[in-house]
Amino acid sequence: MPLDPQEHDLPSISNQPNHTTSTTGNDPSTLNPPTAHDPAPSTTSTASFPPLPSLEYKVLTRSRIIFMVIFWSLVITDSVFMPIALYFGLWYGTDLSPNTVFSIVTAAIGGVSILEYFLRFWRLFKKGSTCRVIGGRRAYLDWFHWVFTATWVVLMVELIIGSTPDNPPIRLLAMPPSSLLYVFGLQLCVFEGMRWGGVKSPVRVSSQPRGSVLLPGAYNLVEDIVAVDGSGGTEYRERLWKRYQASKVFRGMLEKLTLFWGVGCLAMATLTTILIFTLEGDYAYAVGWSAPFLWAGSWSAMTWWYVERSLKVERETWGRDVKP
Numbered sequence: 001m002p003l004d005p006q007e008h009d010l011p012s013i014s015n016q017p018n019h020t021t022s023t024t025g026n027d028p029s030t031l032n033p034p035t036a037h038d039p040a041p042s043t044t045s046t047a048s049f050p051p052l053p054s055l056e057y058k059v060l061t062r063s064r065i066i067f068m069v070i071f072w073s074l075v076i077t078d079s080v081f082m083p084i085a086l087y088f089g090l091w092y093g094t095d096l097s098p099n100t101v102f103s104i105v106t107a108a109i110g111g112v113s114i115l116e117y118f119l120r121f122w123r124l125f126k127k128g129s130t131c132r133v134i135g136g137r138r139a140y141l142d143w144f145h146w147v148f149t150a151t152w153v154v155l156m157v158e159l160i161i162g163s164t165p166d167n168p169p170i171r172l173l174a175m176p177p178s179s180l181l182y183v184f185g186l187q188l189c190v191f192e193g194m195r196w197g198g199v200k201s202p203v204r205v206s207s208q209p210r211g212s213v214l215l216p217g218a219y220n221l222v223e224d225i226v227a228v229d230g231s232g233g234t235e236y237r238e239r240l241w242k243r244y245q246a247s248k249v250f251r252g253m254l255e256k257l258t259l260f261w262g263v264g265c266l267a268m269a270t271l272t273t274i275l276i277f278t279l280e281g282d283y284a285y286a287v288g289w290s291a292p293f294l295w296a297g298s299w300s301a302m303t304w305w306y307v308e309r310s311l312k313v314e315r316e317t318w319g320r321d322v323k324p
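Mapping the sequence shown onto UniProt numbering, position 10 (from 1) lands on 10, and the numbers just tick up by one.
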C-alpha cells in the first residue's frame, strides 16, 4: 500500500466542527508551514525543502520521568504484586472460603487503573478541555478511552463471574491480563487489515472522522495517550498529524509498530492462555498475572530502541535521501 499522503486518501479534519481550545487552528494540514525557528529542525534542510515538522514534545523531562516512575510502580504493584500476594497469603494463610478469598482479591485490585480512567474522562469531557480530539464533540472523548472502556467491561465480567461461585474457577480468574492483550491486539490487527484493504472507517477514530481511510493503529495510541495522559494537548494532535503527512520514514515507523504490537499482543495472550489452562492452579494464577506485564516491559524497551533509531534515520535523511 502506498505511503504517500495523497495516495493514502488521508482524512480531511477541517470538515469537522471545532470544539477545542487549541490556538493553532482546526486542521493540522492547513497550519502555517514550519520555519527555521521550529524547535527541532533538520540540519540538512535547504531553502527549497522545509525543515522536518517538530512534535515539540519531550518524554524525558524531569517531571515526566518522576510521574512515569511513580505511576508505573503503582500499576505494577496494583496489577501484579497485589493479586498474587493476596491470593497466596489469603489462600494458604487463612481459613477463609475460596469464594471469600477471591472476592477480596477482586475488590482490592485495579484501583490505579480505575482512577486513571476517570481522570482521563474528566480531562476530555470537561468544559474548555485542551486535549480533546480535533473536530470532535465533547461527548466523543477519544478512541483510546473507548477501547479502555471495552477492556474494563471484559475484565469486570471475568472477575465477577469468576469470583461468584463457591469454588471459583482459578484459571478464569487468571485471565484478565491476557484478555487485555486480546482486546488491544485484536483491535490493532483488525483495523490494520481494514487499512490495507482500503476499508473506510465505520466510526470516528480520535481525530479521523467517520468515513476516512484508517491510519496505523499505533498513530491513534500515540495521539491519544500523549495528548491526554502525557499532557501534550490538542496542539500535539495537530503537530503529530503534520509530521505524519510530511515524513515517509515516520509513517513507515508507525506501520511497523502497529504490527509489532498487534501481533505481539495476540501471540503473548495466546501463549499465556495456553499456560493458564495447562499448568497447575497456583502456577497458572501466578503466570496469568505476571507474564503479560513482563512481556509488555520487554516489548516497550524494544519499541523505545526502534523509535530512537527510526527518528535518527528520519532526521539524517530528511530532504536528502527520503522524499515526503
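Heads up, the beta-carbon is just placed ideally off N, CA and C, and yes, glycines get one too. Small disclaimer: the values here were computed from a predicted structure and weren't measured.
Next item on the list: Thinking serine 271 and threonine 303 are a contact (beta carbons under 8 Å), I'd like their distance in whole angstroms, please.
Entry: Just to set this straight, residue 271 is leucine in the shown sequence, not serine. Contact between leucine 271 and threonine 303 is ruled out by a C-beta separation of about 19 Å, above the 8 Å threshold.
Margin query: Using only the alpha-carbon positions, how far apart do serine 231 and valine 69 sit?
Written below: Going by the C-alpha atoms only, they are around 16 Å apart.
Notebook entry, point to check: Can you tell me where the alpha helix (DSSP H) with arginine 137 in it begins and where it stops?
Noted result: Where arginine 137 is concerned, there is no enclosing alpha helix (DSSP H), given that its DSSP letter is neither H nor E.
Notebook entry, point to check: Okay, do the stretch 171–180 and the stretch 202–222 touch, 3+ Cβ pairs below 8 Å being the bar?
Noted result: no
Note to self: With distance defined between alpha-carbon atoms, name the residue in Cys265, Trp152, Val199 and Ile170 nearest to valine 105.
What the structure shows: Ile170
Next item on the list: Report yes or no: do three or more beta-carbon pairs, one from the stretch 243–258 and one from the stretch 306–316, lie closer than 8 Å?
Entry: yes
Check: With C-beta atoms as the reference, is valine 203 less than 8 Å away from arginine 210?
Finding: yes
Margin query: DSSP three-state label for valine 59, please.
Written below: coil
Checklist line | Extent of the continuous alpha helix (DSSP H) to which leucine 181 belongs | finding: Segment 176–196, the alpha helix (DSSP H) holding leucine 181.
Next item on the list: With DSSP collapsed to three states, give me the class of valine 199.
Entry: coil
Next item on the list: Tell me, please, whether the stretch 73–89 touches the stretch 289–296 by the rule of three or more beta-carbon pairs shorter than 8 Å.
Entry: yes
Checklist line | Nearest neighbour of lysine 312, chosen from Glu280, Phe250, Tyr283 and Met268 [CA to CA] | finding: Phe250
Notebook entry, point to check: Of the choices Lys242, Ser298 and Ser129, whose alpha-carbon is the least far from that of phenylalanine 260?
Noted result: Ser298
Next item on the list: Pick out whichever of Ala107, Ser73, Cys265 and Ile66 has its Cα sitting closest to the Cα of leucine 86.
Entry: Per the Cα distances, Ala107.
Check: Which partner residues of glutamine 245 appear in the DSSP bridge assignment?
Finding: None, per the DSSP bridge assignment.
Note to self: Helix, strand or coil, according to DSSP, for phenylalanine 118 in the structure here?
What the structure shows: helix
Check: For phenylalanine 184 versus cysteine 131, is the C-beta distance shorter than 8 Å?
Finding: no
Check: What's the gap between the Cα of leucine 31 and the Cα of methionine 156?
Finding: Caution is warranted here: a pLDDT of 38 is assigned to leucine 31, below 50, making its placement in the model unreliable, and the coordinate value is therefore given only provisionally. About 43 Å.
Checklist line | Backbone secondary structure at phenylalanine 81 - three-state DSSP | finding: helix
Check: Would you report the Cα separation of threonine 61 and leucine 74, rounded to the nearest angstrom?
Finding: 20 Å
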